[in-house]
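Per our numbering: the sequence shown ends with 164, consecutive numbering throughout. Structure first, commentary second.
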Amino acid sequence: MTAAPLDDLDRALMRATQTGLPLVSEPFKALAEQLGTTQDDILARFRRWDGNGVLRRIAAVPNHYKLGYIHNGMTVWDVADDRVDALGEQVAALGFVSHCYRRPRHLPDWPYNLFAMVHGRDRADTDAQVAAIAAVLGDACRARDVLWSTRILKKTGLRISE
3 MTAAPLDDLD
13 RALMRATQTG
23 LPLVSEPFKA
33 LAEQLGTTQD
43 DILARFRRWD
53 GNGVLRRIAA
63 VPNHYKLGYI
73 HNGMTVWDVA
83 DDRVDALGEQ
93 VAALGFVSHC
103 YRRPRHLPDW
113 PYNLFAMVHG
123 RDRADTDAQV
133 AAIAAVLGDA
143 CRARDVLWST
153 RILKKTGLRI
163 SE
């Protein structure tokens, strides 16, 4: 499916929402007023973007640090190539995994091909999560490591320039 070209109002709507929706009782109406269009037009654009894959989802994104989830690690796994896709889907389905990716290996220095981000209130939480992932992967996993977060360098998504 090919996405339709974006018009000026599409671009303006993307810029207006790239840091989040307005925190008001009727955010789509507020966007429409800001952009000089109707709420129905705003909603139709979001539906079109959703339908053609431009938009993945509209969701609340809590700040896990403010919620006390301050122990974070990117787990990396060396998983048998013939099983990594199926096992990766199982790992991604675990409720505590926030991101899960298959990535190329860079042998001989980097044997890992499956990445899964975990978050906990303390090391015991994340150690239990790592153990749960290891149980899912079983004997398909040959090696693993955890890259622990030490500080936040950037906490934003893609931004569209003016």
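Beta carbons: idealized from backbone N, C-alpha and C, even for Gly.
| Query | Result |
| --- | --- |
| Close Cβ partners of L23 (< 7 Å) along its chain, the five nearest in sequence each way excluded | P29 |
| Backbone CA spacing between P113 and R17 [nearest angstrom] | 39 Å |
| Whether L109 touches V86 by CB criterion (9 Å) | no |
| Minimum length 4: unbroken alpha helix (DSSP H) runs contained in the segment 28–116 | 29–37, 41–53, 86–94 |
| Presumed contact (8 Å Cβ cut-off) between R13 and I162, rounded CB distance | 7 Å |
| For H66, the nearest candidate out of R146, D124, L149, G140 (CA to CA) | D124 |
| As assigned by DSSP and simplified to three states, the class of V26 | coil |
| Contact between the segment 68–88 and the segment 41–59 (3+ Cβ pairs under 8 Å) | no |
| L149, DSSP secondary structure in three states | strand |
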